[in-house]
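Trainee: First the structure, then my questions, so here it is.
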Amino acid sequence: MFSGSCSFFLLLLCWYWDHCMSSPSPSLPLDAQKKAPASVSAPASFSYRTPCLKLCACGMGKYATFEHQVYIVNCTDTNLTDAKLLEYLPLETEVLIFTGNNISELPSNIFGIDDAYTKLQVIDMSNNNIKLIHGKTFHHVDNVERLILNHNDLHINKEEYHPRIFSNFINLRELHLTDTFADNTQDNLASDLHDIFVESDLKKLEKLHLEQNEISIMKDPHLFCALPNLLHLYLGDNFLKGIHFDLECMQKLIYLDLERNRISILMKDDLKELDVVANKSNYFTVEVATNPFLCSCDVLYFYEWLNHTKVVFRHKDTLKCNITQLNCVQTQTLIQSPNDKLCDDAQMFILYLTSLVVLVLVILFVYVKRDMFRTCSRPVLDTVSRKVHYTSLSRTGGILEFDL
């Protein structure tokens, strides 16, 4: 009898255990209980381990731009190769961190077609090797204010992208596109981005990051004119040699980042355009640090302009320029370089170089045409030789004989 009681007790215990393990977690939101896969795990590094998606960590936590705790879904470094699980995103998600995976293509309706994510404010999909985003990828993102797509491999040529890829982000305020685009897209990047900005109608965008995209020239000078509320524009770590785009159309611009580009001198037209923007703003700031400025006479004009403009240059006193002497490049602060002697030295160097070039060209021309010069000069030399001979004879009393 005792043995039968034990068996009954063990059966009852097994039934209870199985029933508890198969029931939805009470700490899980109702929508996640309904949708979540049966097998759930979460990274141990995440401090709030409420299971909601396979391999992701979900729960309340702190995020940089929020003063209060928010509901975060963190799918970092999960080695995922598709984004289908995002259809099961909990409705209360405020921050989605989906980074460090290998998702070459974002499918249409990445968050499903039924639910509206009214609380979602931040989407970070950095470092996922994303190459293609469909025009219908992002739905139900009306309240998203920050979209981060840094460090991907996005192709945006005419055959592989849709210009309305951001059209559903009607409240987007920050767009992060640092090192986002494939290396072979730089030539037409400006015109393609202009199409995206126009078609996506990003009227509320205030901050745009385009660093590290190997941009060398803006073929479309009106690239940013479709962003009327843009306040901060980040173009650092590119290959720009000047300001080749329209600044005046950005009526609210207060910060322009051009650091670590290839600017050797800001031309007078560039400086005038900066002045126009500064006159419309109470505080217009420009960052041009770590550019290869040349210590030339042109720098004097730039330096004098710096001391009179309303434009605020960050780290103005530490700006550096390069001067080349005897094949040796020396770096000095810009404040040490601009003086009258610098311009005099530059002018003397130009004069010396010009004279040297002219002399070399003359010598080269004479050498190439040496046969012609020899032929043309022979009669003259013969005539001179005869005159010299006659003169010497007359001085020595010689008698000239002529055959008649």
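Under mature numbering (1 follows the signal peptide of the UniProt record, and there is no 0), read the sequence shown as residues -22 to -1, 1 to 382, first letter to last.
Ideal Cβ placement from N, Cα and C applies to all residues, glycine included.
Keep in mind it's a predicted model, so treat the numbers as computed, not measured.
Please report how far the alpha carbon of valine 254 lies from the alpha carbon of aspartate 215, in whole angstroms.
Mentor: As a first step, residue 254 is located in the sequence shown; it is residue number 276 there, counting from the start. As a first step, residue 215 is located in the sequence shown; it is residue number 237 there, counting from the start. Looking at the two C-alpha atoms, the distance is approximately 25 Å.
Trainee: Determine whether the beta carbon atoms of leucine 150 and leucine 180 lie at a separation below 8 Å.
Mentor: Numbered from its first residue, the sequence shown carries residue 150 at position 172. Numbered from its first residue, the sequence shown carries residue 180 at position 202. It is a contact, given that the beta carbons lie within the stated cut-off.
Trainee: Among the candidates Thr296, Ile301, Thr302, whose CA atom is the shortest distance from the CA of threonine 311?
Mentor: Here the question's residue 311 lines up with position 333 in the sequence shown. Comparing Cα-Cα distances from threonine 311 to each of Thr296, Ile301, Thr302, the minimum goes to Thr296.
Trainee: Compute the distance between the beta-carbons of threonine 287 and alanine 267, then report whether it is under 8 Å.
Mentor: Start at 1 with the first residue of the sequence shown, and residue 287 comes out as number 309. Start at 1 with the first residue of the sequence shown, and residue 267 comes out as number 289. No.
Trainee: Using the Cα positions of leucine 236 and asparagine 260, report the straight-line distance between them to the nearest angstrom.
Mentor: Reading the sequence shown from its first residue, position 258 is the one you call residue 236. Reading the sequence shown from its first residue, position 282 is the one you call residue 260. If I take the Cα positions, the gap works out to 20 Å.
Trainee: Please state whether DSSP places lysine 197 in a helix, a strand or coil.
Mentor: Counted from its first residue, the sequence shown places residue 197 at position 219. Coil at lysine 197, not helix or strand.
Trainee: Identify which residue in Leu132, Asp102, Asn106, Leu110 has its Cα closest to the Cα of glutamate 123.
Mentor: For the purposes of this step, residue 123 is taken as residue 145 along the sequence shown, with counting starting at 1. Comparing Cα positions, the closest option is Asp102.
Trainee: Contact check, cysteine 53 vs leucine 31 under 8 Å by CB: the rounded distance?
Mentor: The residue you call residue 53 lines up with position 75 of the sequence shown. The residue you call residue 31 lines up with position 53 of the sequence shown. Their Cβ separation, rounded to whole angstroms, is 7 Å, which keeps cysteine 53 and leucine 31 in contact under 8 Å.
Trainee: Taking the Cβ atom as the reference point for each residue, do isoleucine 108 and leucine 127 lie within a distance shorter than 8 Å?
Mentor: Start at 1 with the first residue of the sequence shown, and residue 108 comes out as number 130. Start at 1 with the first residue of the sequence shown, and residue 127 comes out as number 149. Contact flag set, yes.
Trainee: If you check the beta carbons only, do glutamate 184 and glutamate 152 fall under 8 Å apart?
Mentor: Locating residue 184 in the sequence shown gives position 206, counting from the first residue. Locating residue 152 in the sequence shown gives position 174, counting from the first residue. Yes; because the gap between Cβ atoms is below 8 Å, this pair is in contact.
Trainee: Going by beta-carbon coordinates alone, are asparagine 239 and cysteine 273 separated by less than 8 Å?
Mentor: As a first step, residue 239 must be located in the sequence shown, where it is residue number 261. As a first step, residue 273 must be located in the sequence shown, where it is residue number 295. Result no, Cβ atoms of asparagine 239 and cysteine 273 do not sit closer than 8 Å.
Trainee: With 16 other CB atoms within 10 Å as the buried threshold, where does serine 333 fall?
Mentor: In the sequence shown, counting from the first residue as 1, residue 333 sits at position 355. Classification of serine 333: exposed, given that the 10 Å Cβ count is below 16.
Trainee: With H, G and I counted as helix, E and B as strand and the rest as coil, what does DSSP make of arginine 352?
Mentor: To locate residue 352, count along the sequence shown from 1; it is residue 374. Arginine 352 falls in the helix class under three-state DSSP.
Trainee: Under three-state DSSP, which class holds glutamate 72?
Mentor: Along the sequence shown, one-based indexing puts residue 72 at 94. Reduced to three states, the DSSP call for glutamate 72 is coil.
Trainee: Do the CB positions of threonine 71 and lysine 97 come within less than 8 Å of each other?
Mentor: To locate residue 71, count along the sequence shown from 1; it is residue 93. To locate residue 97, count along the sequence shown from 1; it is residue 119. Yes.
Trainee: Between aspartate 173 and proline 141, is the Cβ-Cβ spacing less than 8 Å?
Mentor: For this step, residue 173 is matched to residue 195 along the sequence shown. For this step, residue 141 is matched to residue 163 along the sequence shown. Against a cut-off of 8 Å, the Cβ pair of proline 141 and aspartate 173 comes out as a contact.
Trainee: Looking only at its own chain, which residues have a Cβ that is under 6 Å from the Cβ of leucine 6, when we skip the five neighbours before and after it?
Mentor: Within the sequence shown, numbered from 1, the residue matching residue 6 stands at position 28. Caution is warranted here: a pLDDT of 34 is assigned to leucine 6, below 50, making its placement in the model unreliable, and no coordinate value can be reported.
Trainee: Return the chain-ordered list of same chain residues with a C-beta closer than 8 Å to the C-beta of threonine 77, the five sequence neighbours on each side being excluded.
Mentor: Taking the sequence shown and counting its residues from 1, the one referred to as residue 77 is at position 99. Within the same chain, threonine 77 has close Cβ partners Cys53, Thr54, Asp55, Asp102, Met103, Ser104, Asn105, Asn106.
Trainee: For the alpha helix (DSSP H) that glutamate 177 lies in, which residues bound it at each end?
Mentor: By 1-based counting over the sequence shown, the position of residue 177 is 199. Its alpha helix (DSSP H) spans residues 167 to 178.
Trainee: Any idea what DSSP makes of lysine 258, helix, strand or coil?
Mentor: On the sequence shown, position 280 is the one that residue 258 refers to. In this structure, lysine 258 counts as helix in the three-state DSSP scheme.
Trainee: With respect to the alpha helix (DSSP H) encompassing tyrosine 281, which residues constitute its N-terminal and C-terminal limits?
Mentor: Position 303 of the sequence shown holds residue 281. Start and end: 275 to 284.
Trainee: Which same chain residues, not among the five before or five after aspartate 60, have their C-beta less than 7 Å away from its C-beta?
Mentor: Residue 60 sits at position 82 when you count from the first residue of the sequence shown. Here the set comprises Ile81.
Trainee: Determine the contact status of phenylalanine 159 and leucine 205, defining contact as a CB-CB distance below 8 Å.
Mentor: As a working mapping, residue 159 is identified with position 181 in the sequence shown. As a working mapping, residue 205 is identified with position 227 in the sequence shown. Their beta carbons are not under 8 Å apart, which means phenylalanine 159 does not touch leucine 205 by this criterion.
Trainee: Can you tell me the Cα-Cα spacing of leucine 186 and tyrosine 233, whole angstroms?
Mentor: The count along the sequence shown starts at 1 and reaches residue 186 at position 208. The count along the sequence shown starts at 1 and reaches residue 233 at position 255. Each residue's alpha carbon lies about 11 Å from the other.
Trainee: Which one of Glu282, Leu209, Phe89 has the shortest CA to CA distance from leucine 63?
Mentor: Residue 63 sits at position 85 when you count from the first residue of the sequence shown. Here the closest residue by C-alpha is Phe89.
Trainee: Which whole-angstrom value describes the C-beta separation of valine 290 and threonine 309, a residue pair presumed to lie in contact below a C-beta threshold of 8 Å?
Mentor: Position 312 of the sequence shown, counted from the first residue, corresponds to residue 290. Position 331 of the sequence shown, counted from the first residue, corresponds to residue 309. About 24 Å; that fails the 8 Å criterion.
Trainee: In terms of residue numbering, what span does the beta strand (DSSP E) encompassing arginine 142 cover?
Mentor: The residue given as residue 142 occupies position 164 in the sequence shown. Unbroken run through arginine 142: none, as it is neither H nor E.
Trainee: Could you have a look at phenylalanine 291 and say whether DSSP puts it in helix, strand or coil?
Mentor: On the sequence shown, residue 291 is found 313 positions in, with the first residue counted as 1. Residue state, collapsed to three classes: strand.
Trainee: With residue 386 and isoleucine 193 assumed to form a contact (beta carbons below 8 Å), what rounded beta-carbon distance in angstroms separates them?
Mentor: Since the first and last residues shown for the chain are -22 and 382, residue 386 lies out of range.
Trainee: To the nearest angstrom, report how far apart leucine 69 and alanine 168 are at their CA atoms.
Mentor: Counted from its first residue, the sequence shown places residue 69 at position 91. Counted from its first residue, the sequence shown places residue 168 at position 190. Their Cα atoms are separated by approximately 36 Å.
Trainee: Does cysteine 34 pass the burial test, meaning 16 or more other C-beta atoms within 10 Å, or should it be called exposed?
Mentor: Here residue 34 corresponds to residue number 56 of the sequence shown, with the count starting at 1. With 16 or more Cβ atoms within 10 Å of its Cβ, cysteine 34 is classed as buried.
Trainee: Look up cysteine 299 in the DSSP assignment and give the residues it is bridged to.
Mentor: Start at 1 with the first residue of the sequence shown, and residue 299 comes out as number 321. BP columns for cysteine 299 point to Phe271, Gln310.
Trainee: From the DSSP secondary-structure annotation, give me the bridge partner or partners of valine 185.
Mentor: Your numbering for residue 185 matches position 207 in the sequence shown. Strictly speaking, residue 185 in this sequence is lysine, with valine absent from that position. According to DSSP, which records beta bridges pairwise, lysine 185 is partnered with Glu152, His210.
Trainee: Do you know offhand how far leucine 188's Cα is from histidine 154's?
Mentor: Reading the sequence shown from its first residue, position 210 is the one you call residue 188. Reading the sequence shown from its first residue, position 176 is the one you call residue 154. Roughly 7 Å between the two C-alpha positions.
Trainee: State the DSSP-derived secondary structure class of tyrosine 49, mapped to helix, strand or coil.
Mentor: Here residue 49 corresponds to residue number 71 of the sequence shown, with the count starting at 1. Note: tyrosine 49 maps to strand in three-state DSSP.
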